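The sequence shown begins at 1 in the UniProt record's numbering and counts up by one.
All C-beta atoms in this analysis are idealised placements derived from N, C-alpha and C, irrespective of residue type, glycine included.
Since this is a predicted model, take the numbers as computed values, not measurements.
What follows is one structure encoded as structure tokens, with my remarks underneath.
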Amino acid sequence: MKKVGLLTRLIIGLALGIIVGYVSKEFLQFDFFVRLLATFNGIFGGFLSYVIPLIIIGFVAPGIAELGKGAGRLLGITTLLAYVSTIIAGTFAFLVGTGLLPKIVTAAGGHASNPEEALVKGFFQVDMPPIMGVMTALITAFLFGLGMAAIKNKSMYQVTKDFQEIIEKVIQSVIIPLLPIHIAGIFANMTYAGEVVKIMKVFGSVFAIVIMCHIAIILLQYTIAGTVAGKNPITALKNMLPAYLTAIGTQSSAATIPVTLRSAKKNGISEGVADFAIPLCATIHLSGSTITLTMCSMAVILMSGGTTSFNMMFPFILMLGVTMVAAPGVPGGAVMAALGLLQSMLGFNEAQLGLMIALYLTQDSFGTACNVTGDGAIALLADKFAKGSGAAVTSAVGGEA
Numbered sequence: 001m002k003k004v005g006l007l008t009r010l011i012i013g014l015a016l017g018i019i020v021g022y023v024s025k026e027f028l029q030f031d032f033f034v035r036l037l038a039t040f041n042g043i044f045g046g047f048l049s050y051v052i053p054l055i056i057i058g059f060v061a062p063g064i065a066e067l068g069k070g071a072g073r074l075l076g077i078t079t080l081l082a083y084v085s086t087i088i089a090g091t092f093a094f095l096v097g098t099g100l101l102p103k104i105v106t107a108a109g110g111h112a113s114n115p116e117e118a119l120v121k122g123f124f125q126v127d128m129p130p131i132m133g134v135m136t137a138l139i140t141a142f143l144f145g146l147g148m149a150a151i152k153n154k155s156m157y158q159v160t161k162d163f164q165e166i167i168e169k170v171i172q173s174v175i176i177p178l179l180p181i182h183i184a185g186i187f188a189n190m191t192y193a194g195e196v197v198k199i200m201k202v203f204g205s206v207f208a209i210v211i212m213c214h215i216a217i218i219l220l221q222y223t224i225a226g227t228v229a230g231k232n233p234i235t236a237l238k239n240m241l242p243a244y245l246t247a248i249g250t251q252s253s254a255a256t257i258p259v260t261l262r263s264a265k266k267n268g269i270s271e272g273v274a275d276f277a278i279p280l281c282a283t284i285h286l287s288g289s290t291i292t293l294t295m296c297s298m299a300v301i302l303m304s305g306g307t308t309s310f311n312m313m314f315p316f317i318l319m320l321g322v323t324m325v326a327a328p329g330v331p332g333g334a335v336m337a338a339l340g341l342l343q344s345m346l347g348f349n350e351a352q353l354g355l356m357i358a359l360y361l362t363q364d365s366f367g368t369a370c371n372v373t374g375d376g377a378i379a380l381l382a383d384k385f386a387k388g389s390g391a392a393v394t395s396a397v398g399g400e401a
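So this is what it looks like as structure tokens:
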């Protein structure tokens, strides 16, 4: 089963969940199997809530420390460009979602019932209180990350990197393999409660809108970057197509770096800047993932009967831009890093987090492809700024970043 891709396993789990829920309701007319899956979901959801603060500390702290270790002005310019691009992408997704998603949810038959009221409960529940709250974990991670960057303590940094490796193993070996069962349980429960038709209608529409938003933001990025850098945007974008297609297959910005580098250099980006900016952006620039997370979170809120507003979503987008630095390098890593924000800032419960994970993972390949292609635009801009200060480029590329 491990040889089967995550998306395929997710779809199988989703389909089996719908079948179990439908058969239990229409033929067996009892909820034993649904409750069994709900029991697993309760335990898995509790474990996920426990791990979320550890994910934040394990990835945000060393991520910030690594940014601080970079030398030269180019690091600051590239980081700022990546963050602004991410915020623009998230804000664009919010504006599109505000215009389209309410109509889509209404067309699907209105919002689903409150998950806490509609879903079948498990046989028992195991309490797994987190060792700290999400905001406490974020503040702790920022404190440690900035502190390590300031004092340049390699032993402390190595401890956080080892801790990051442990948490990544937990994600790869426990959370990711069990996600299909978790999704199966959620959809079995939704089907038994009679809500799955509405949800599936919304799923398909959200998927299409997200892909269109990805394409629109890529075109915007290359229009701006090409204009500033004096390059033909269409030609520059065409040169990045191999990276886009590779990212769809790998679902990993890091694994696509060699192809992204080759594509970026075809656009005339100097070798030193490309070698610096592309690996850095693979870590900190996730505009495609931010579009998906913003759009999907809005869809889940609306499906649950809630409402969204700029005052509610914009602070979430701003924090998302920072938290994306913590995204683990595994399929679905961005949504794992964002779970804490979804809980603390948007008030998501376990059922909503499960729907969010399912929505995100169905298009993870395209989100990664958008991230990677956007990295080429950021590198074009960074190269333009760098050419105005050759000394800064040399010191930045020669540094540790």
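Buried versus exposed call for residue i [16 or more other C-beta atoms within 10 Å across all chains shown]
i: I267; result: Inspection of the sequence shows that residue 267 is occupied by Asn rather than by Ile. Looking at its Cβ environment, which holds 16 or more other Cβ atoms inside 10 Å, N267 is buried.
i: M212; result: exposed
i: N371; result: buried
i: A107; result: exposed
i: A263; result: For the record, residue 263 in the displayed sequence is Ser; it is not Ala. Buried: at least 16 other Cβ atoms inside 10 Å.
i: Q29; result: exposed
i: D364; result: buried
i: A247; result: buried
i: G226; result: buried
i: L381; result: buried
i: E350; result: buried
i: F124; result: exposed
Residue i versus residue j - alpha carbon distance
i: A379; j: A208; result: 28 Å
i: L178; j: A254; result: 24 Å
i: M312; j: F348; result: 13 Å
i: V335; j: K152; result: 30 Å
i: S395; j: M156; result: Residue placement at S395 is poorly supported in this model, since its pLDDT is 34, which falls under 50; the coordinates still yield a value, given next. So the two alpha carbons sit approximately 25 Å from each other.
i: residue 402; j: M295; result: Nothing can be reported for residue 402, as the shown portion of the chain is limited to 1 through 401.
i: I215; j: Y22; result: 37 Å
i: G354; j: G332; result: 13 Å
i: L361; j: F203; result: 12 Å
i: S24; j: F33; result: 7 Å
i: G13; j: T235; result: 41 Å
i: M324; j: E26; result: 43 Å
i: P129; j: L48; result: 10 Å
i: Q158; j: V126; result: 34 Å
i: V210; j: Y83; result: 20 Å
i: L245; j: L320; result: 26 Å
i: L16; j: R9; result: 10 Å
i: T283; j: P180; result: 26 Å
i: L293; j: K387; result: 35 Å
i: P233; j: V4; result: 38 Å
Residue i and residue j closer than 8 Å at C-beta
i: F187; j: V197; result: no
i: A65; j: A149; result: yes
i: G147; j: F40; result: no
i: S309; j: Q352; result: no
i: F44; j: H182; result: yes
i: I218; j: T373; result: yes
i: Q172; j: S85; result: no
i: L101; j: A299; result: yes
i: A38; j: G122; result: yes
i: V96; j: L302; result: no
i: P242; j: I257; result: no
i: L359; j: V206; result: yes
i: residue 402; j: G46; result: Residue numbering for the chain in the displayed model covers 1 to 401; residue 402 lies beyond these limits and cannot be assessed.
i: I317; j: T191; result: no
i: T79; j: A277; result: no
i: A61; j: T223; result: no
i: V120; j: N189; result: yes
i: M356; j: S297; result: yes
Option nearest residue i by Cα separation, candidates the options
i: I139; options: K387, L6, L280, G340; result: G340
i: I269; options: K154, K231, V300, G46; result: K231
i: A193; options: R35, T8, G367; result: R35
i: L273; options: K238, A282, L74, L48; result: For the sequence presented, residue 273 should be read as Val rather than Leu. It is L74.
i: S252; options: H285, A236, E271, K265; result: H285
i: C281; options: L143, G42, G58, V322; result: V322
i: L6; options: I175, F124, T78, A141; result: I175
i: G145; options: A93, P233, G76, F59; result: F59
i: A141; options: A337, K265, K387, I199; result: A337
i: L143; options: G63, K103, F94; result: G63
Cutoff 8 Å: residue i Cβ touching any chain B Cβ
i: A337; result: No chain B is part of this structure, which consists of one protein chain only.
Any non-hydrogen atom of the ligand COA within 7 Å of residue i CB
i: G332; result: Absence of the ligand COA from the depicted structure is noted, as is the absence of any ligand whatsoever, leaving it without description.
Closer than 8 Å is the cut-off here; do at least three beta carbon pairs connect the stretch 344 to 351 with the stretch 155 to 172?
no
Mind the definition here: the stretch 85 to 102 touches the stretch 279 to 289 only if three or more C-beta pairs lie below 8 Å; say whether that holds.
yes
At least 3 beta-carbon pairs within less than 8 Å: the stretch 35 to 53 vs the stretch 123 to 137:
yes
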